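**Student:** Basically our numbering = 1-based index in the sequence shown + 12. Virtual Cβ for every residue (Gly too), placed ideally from N, Cα, C. Everything numeric in this text was worked out from a predicted model, so none of it was measured.
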Amino acid sequence: GSPAECPDNLTCYASTGCLEEASPSPTRSPSYDPSGSFYCGSSFQEASQQCLNECPSGLSSDCPVGQACYANTPCSDKDGFFCGTNIVDASASCQYPCTSGLDSEC
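1) Classify D115: buried if its beta carbon has 16 or more other beta carbons within 10 angstroms, exposed otherwise.
2) Under 8 Å by Cβ, that's how I've got A59 and T85 pegged, so tell me the actual separation to the nearest angstrom.
3) In the DSSP output, what is P109 paired with across the bridge?
4) Could you tell me which residues DSSP puts in a beta bridge with A80?
5) Relative to the C-alpha of S109, which residue among N21, C30 and S88 is closest?
6) Between which two residues does the beta strand (DSSP E) containing C24 stretch?
7) From the DSSP output, in three-state form, read off S116 for me.
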């Protein structure tokens, strides 16, 4: 997430697993559509954590200079974004949701 959305030095993290704990799902639907998961970043990790620039075409040419388009990021699952001092804290507490993906929401 972006450092602008979480108070008190908290950061917004994707892929916390909090959503899965709240509403477990036995399996992923066979008709899974990854198109909402394409985001830009200098690495897959950055794209997955920041979720700032979507690239729905899947093309890196749609991204800012120095970034590439990555598929299968957790960015389309905004309900799984939670605040914490680190990813372990966010995943363990599941206390402060930050569905916009921005730290300032925490």
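**Tutor:** According to the structure data:
1) By one-based count along the sequence shown, residue 115 stands at place 103. Buried, because 16 or more other Cβ atoms sit within 10 Å of the Cβ of D115.
2) For the purposes of this step, residue 59 is taken as the residue at position 47 of the sequence shown. For the purposes of this step, residue 85 is taken as the residue at position 73 of the sequence shown. Indeed, because the Cβ distance is near 5 Å, the residues count as touching under 8 Å.
3) Numbered from its first residue, the sequence shown carries residue 109 at position 97. Per DSSP, F94.
4) In the sequence shown, residue 80 corresponds to position 68, counting from 1. Paired residues: G53.
5) Counting from one through the sequence shown, the residue named residue 109 turns up at place 97. Ser is not the amino acid found at residue 109; the sequence shown has Pro there. Looking at the Cα atoms, C30 is the closest of the given residues.
6) Here the question's residue 24 lines up with position 12 in the sequence shown. Start and end: T23 to Y25.
7) For the purposes of this step, residue 116 is identified with residue 104 of the sequence shown, where counting begins at 1. Note: S116 maps to strand in three-state DSSP.
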